[in-house]
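Step one of this worksheet: look at the structure below.
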Amino acid sequence: MKFGVKKLSASVHLALSLGAVLTLGGVSTAVFAQDAGTSANVDAQDQSAGAQQAPDQKAKTLETVTVTGSRIRRVDVETASPVHTIDRSQIQSSGKATLGDLLQEIPSVAGAATNPQVNNGGGDGASTVSLRGLGSQRTLILVNGHRVARNDINAIPASMVERVEVLKDGASATYGSDAIGGVVNFILRKDYQGAEISANVGESDQNDGFRRGFSAIFGHSSEKGNITAGLDYNKFDGISSARRDFAKNATYLSSGSVFNAGSSRTPSGQIKAPSGTVTLNGQPTGKTSLSDYRPYDSRSDAYNYQEQNLIQTPQERTNAFALANYQLTDSIQAHLDYFYNKTTSNFAIAPLPFDALSDGVLVSKNNYYNPFGVDFGTDGTTQGNGFRSRFTTLGQRQGHYSTETNQVNAGLRGNFGNDSTWQWDADLNYGHITQQQRSFGYIYYAGLRQALGPSFQDPATGAITCGTAANPITGCTPLNIFNVYDPQTIATLKNYAANPYYNTLTISRRAEANASGELFNLPAGAVSLAVGADYDKEYQNYGVDYIATTSGAGGTCQISQEACSTPLSGSFNVKEVYYEALVPILADKPFVKSLNLTVGQRYSDYSSVGSKTTTKVAVEWRPIDDLLLRGTLDGVFRAPTINDLYAGAAGSAPPLTDPCIGYTGGHPNACQNVPTDGSFKGSGLSQTTGVNSGSVAAGYKLKPEYGHTYDFGVVYDPSWAQGLSVSADLWRVTLNDTITNVGANTVVNACYNNNASPFCSFIHRFNDGQVNYINQPTVNLGSLNVKGVDFSGKYRIPHFDVAGTNVGDFAVSLDATYLIRYDNDTAPGQPGDVTNHMAGVYNQQAQYGNFTRWRALGGLNWTAGAWSASWTLRYIGAVNVGSKDPSMGFSADAAIPNVVLRIPSITYNNFQFGYNIAQYNTRVDVGVDNAFDKQPPLFYQNNVLNANTDVNTYDTIGRYFWARVTVKF
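If you're matching positions, the sequence shown starts at 172 in this note's numbering and goes up one per residue.
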């Protein structure tokens, strides 16, 4: 396979051309911005040089800082908290236009965090972070230590970020709710002097997925303060699934065979006629007769919906930001941080499937076009036979999103005098998010119901008329749903086309005050204390088009059930106080260079769910200068969100593996109305109809989820090998009363294993045993027990020459995570309770994601004068689809239980090359991601929702070339 040399050459040529354009106005400038293009491993001062400073000189240059995971300012950067740092040089050398692509590569991320590759179930352009695989709702996102109003990290422009600190430990006592899996803190650039303009482009080896973008940042500093402002823009084209071999067909694993199939909701119909299941033979015109139908074949007649989907959703983002500081007095400084983001994006999936039963539409036996003489579907009273079709003439279903985020943080900070170590700050944080969504490709079923009701041919005019001869319906055109290819059918369907709107407004208001400093001295050092209080009010309003507003018990409305939703308006407030104390126990003793204890507590009082107190204890022990032993114990919790509490009924299409396939009796509640002769084959679909709702709508009193995190680690920075640092951390998370929408598979499996389970009432089946819908309310259910080990190593190799020639400087790094355990007890204390052991397993049907045991990220960086290069390797270990444990109900085969499919490991290689053109203050970077064009492994469509693979984890685009030019003034 060719490596794409021509495309790489074209990228270099384009980069140089962009550089020439951008440098036209910058050749003779006298003021230069700080050079951020050099690897941090190389441009950082040598530790040995710093060690040679005189003690008094070194003391003057040391500055206290706050590291993510603590509120206490201190000199030590390496503390009890395990923090992974991504600096600006790594952000630049990655070539990523958005931060989501970068953050989701770190090994401590697992599960199913969303990203723009997620089409079905995504489409709003967002990327989230799921540390420890606990879900994005349990990872706290901060900007400069402050909460963000929306956890889409793609909305944070990469050009304004100085570094990213990832705390891989719980921190509820430090930051409050949500900090369970960890914290991601984006530290912004400040004190910037000068200007920087950058432009970038990229395209895949398949000539698609084109991206373009630019950024501009300007800064000015004076004795009184500084201001930094900038713009950031990027746009990505969508990529159709039909352009990739692995994704262009809906490929299934069933009954031990792999085959291309699809959905039984096919344009030619899957019709439960009195004579059996039939489908339209060919594309006749006009009214059909029984001779126009033949027996339906589940393989050859299935509709290939997959080629209509996307493997990358189109996105466009515009960002603006401004950061300012001003010294009001010698001891008081004012600051303002503001950023704005607008993201437009959309998903596109196959045309609308129609299921007369689940959509609540009755096709009358007296309809003029009905050749079978029986009712199909249901109107809630009468239930007829099954009838499925697909309205392909309406085009794809699409959801277009426009999301605007405004966030401002303003406040004062200062100290209590020149001789005091105490510092304080007071801030107001305001976030305002609006998201507008418009959906396309739906049908107004209220009109359709009349068109599918009784109809007749008027003997006087010959016109086909709705109603009966005795009671005709005016203003109604009968619909020939039995032949979607008929021009009359196409025209009538378009008359009933519906494109509903949805609007979400979220407002966050937060006020906080903090202070920290030294209390008194002990023989081992000063005791430090941090204290603070905050008040937060959250408000959300969700509006739904009247045609999409849920009205039926099954989550139905006037259009397709999957697009139905319920308006929502709600708010809550929280008041919090905290303290954190650092106590030096021993110092400069034999085998105790230092021994420190940190304790902290936070009290949180929610207007919605009551109060919660969390505690933190951390220990740092340095037996010698080079070695740090650390341990932390944190109490963690997550309070319910407004959606968790107040969301009304909304339609969904969750994955489902029906345990009643082949049913022979013994589970009457789970398999109500299912034949007991073993003949039941299920719906033939990998999805079912679900009805999601918040806890209030279900009459359930929701509580916060709570638990503990533990971390025990060692860090070794040997003085005999300058530039080398290695660490290992054993971590564990336990969480109880987890807040979750009960998954459809969890519901049916719990009821199947326990006939008295309260979940049995959530299952609703038709008379023939097929699933009508499954309720999925938000409840406190289950517990998590997760454990693993993190490894990290970095080495800035000492400079060496080869045969007297300077070959540059090298730095290597490796971060890895091994997952020992990921256990989800789905219904603790209930009969039939099942514990799902997810370590080393992939499952999306129960809404888990990918929990491969090994993940790793390695890098090699090289600099030599104006030249630089980097090589990044991302490793994703092997994972199993399905489980041999029958209680878990996981199988990779759609028809055979307990089948395990082994997915092999995969390694991605990314390369970057850069050159500084000092004469023109310009830097050119080119690169290739997934250089060896590794295709994602096949998981098969019966196990996933998108593209036959795990789009949350693996690269779907393939080899991708990019180029960037940066000019500084």
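All residues carry an ideal CB built from backbone N, CA and C; glycine is no exception. These figures come from a predicted structure and were not determined experimentally.
With DSSP as the reference, please indicate the residues paired to residue i in a beta bridge.
i, result
"residue 958", "903, 992"
"residue 611", "569"
"residue 711", "677, 741"
"residue 407", "382, 486"
"residue 375", "1131"
"residue 637", "626"
"residue 877", "808, 907"
"residue 594", "586, 687"
"residue 948", "864"
"residue 575", "513, 605"
Which residue's Cα is closest to the Cα of residue i: the options?
i, options, result
"residue 577", "496, 741, 676, 424", "676"
"residue 627", "636, 619, 268, 1007", "636"
"residue 1131", "374, 952, 367, 243", "374"
"residue 400", "869, 611, 507", "507"
"residue 803", "744, 884, 1023, 827", "884"
"residue 914", "946, 584, 892, 757", "946"
"residue 1115", "357, 1020, 464", "1020"
"residue 726", "623, 702, 869", "869"
"residue 639", "625, 648, 652, 645", "625"
"residue 473", "449, 278, 303, 493", "449"
"residue 1048", "1068, 1056, 1074", "1074"
"residue 901", "826, 992, 951, 842", "992"
"residue 544", "653, 609, 602", "653"
"residue 792", "695, 594, 829, 712", "695"
"residue 664", "672, 649, 674, 673", "649"
"residue 1006", "1085, 952, 972", "952"
Would you kindly work out how many angstroms separate the C-alpha atoms of residue i and residue j, rounded to a whole number?
i, j, result
"residue 1072", "residue 565", "37 Å"
"residue 481", "residue 821", "24 Å"
"residue 735", "residue 1026", "39 Å"
"residue 989", "residue 959", "5 Å"
"residue 1126", "residue 1107", "6 Å"
"residue 540", "residue 531", "19 Å"
"residue 1143", "residue 859", "What the structure shows of the chain is the stretch from 172 to 1140, and residue 1143 is not part of that stretch, so it cannot be assessed."
"residue 201", "residue 385", "Unreliable placement is indicated for residue 201, whose pLDDT of 29 sits below 50; the coordinate value is still reported in the next sentence. Going by the C-alpha atoms only, they are around 24 Å apart."
"residue 1129", "residue 512", "28 Å"
"residue 177", "residue 1042", "For residue 177, the predicted model reports a pLDDT of 49, less than 50, meaning its position is unreliable and no value from the coordinates is stated."
"residue 817", "residue 739", "7 Å"
"residue 788", "residue 770", "5 Å"
"residue 510", "residue 1136", "24 Å"
"residue 862", "residue 651", "30 Å"
"residue 615", "residue 643", "21 Å"
"residue 837", "residue 922", "12 Å"
"residue 987", "residue 1120", "23 Å"
"residue 759", "residue 906", "39 Å"
"residue 203", "residue 346", "Residue confidence for residue 203 is low, a pLDDT of 26 falling below 50, so the modelled location carries little weight and cannot support an answer."
"residue 268", "residue 549", "50 Å"
"residue 415", "residue 278", "27 Å"
My understanding is that residue i touches residue j, with C-beta atoms under 8 Å, so please give their C-beta distance in whole angstroms.
i, j, result
"residue 516", "residue 272", "So it is not a contact: roughly 15 Å between Cβ atoms."
"residue 670", "residue 611", "5 Å"
"residue 423", "residue 430", "6 Å"
"residue 340", "residue 253", "6 Å"
"residue 886", "residue 249", "6 Å"
"residue 865", "residue 949", "5 Å"
"residue 526", "residue 559", "5 Å"
"residue 1062", "residue 942", "Wrong, their Cβ atoms sit about 18 Å apart, outside the cutoff."
Answer with yes or no whether the minimum CB distance from residue i to chain D is below 7 Å.
i, result
"residue 512", "In summary, chain D is missing from the structure at hand, where a single protein chain is found."
Measuring CB atoms only, is the region 810-821 touching the region 914-933, in the sense that at least three cross pairs come out at less than 8 Å? no
For the pair the region 241-259 and the region 334-347, tell me if three or more CB-CB distances fall below 8 Å. yes
Examine the Cβ distances between the region 993-1004 and the region 971-984 and report whether three or more of them are shorter than 8 Å. no
Check whether the region 960-980 and the region 302-318 are in contact - that is, three or more C-beta pairs closer than 8 Å. no
Examine the Cβ distances between the region 772-792 and the region 739-759 and report whether three or more of them are shorter than 8 Å. yes
Sufficient close CB pairs (3 or more, under 8 Å) joining the region 780-800 to the region 750-769: yes
Would you call the region 281-289 and the region 297-306 touching, i.e. three or more CB-CB distances under 8 Å? yes
Is it the case that the region 1092-1099 contacts the region 263-272, given that we only count it when at least three CB pairs across the two stretches are under 8 Å? yes
Measuring CB atoms only, is the region 314-333 touching the region 484-495, in the sense that at least three cross pairs come out at less than 8 Å? yes
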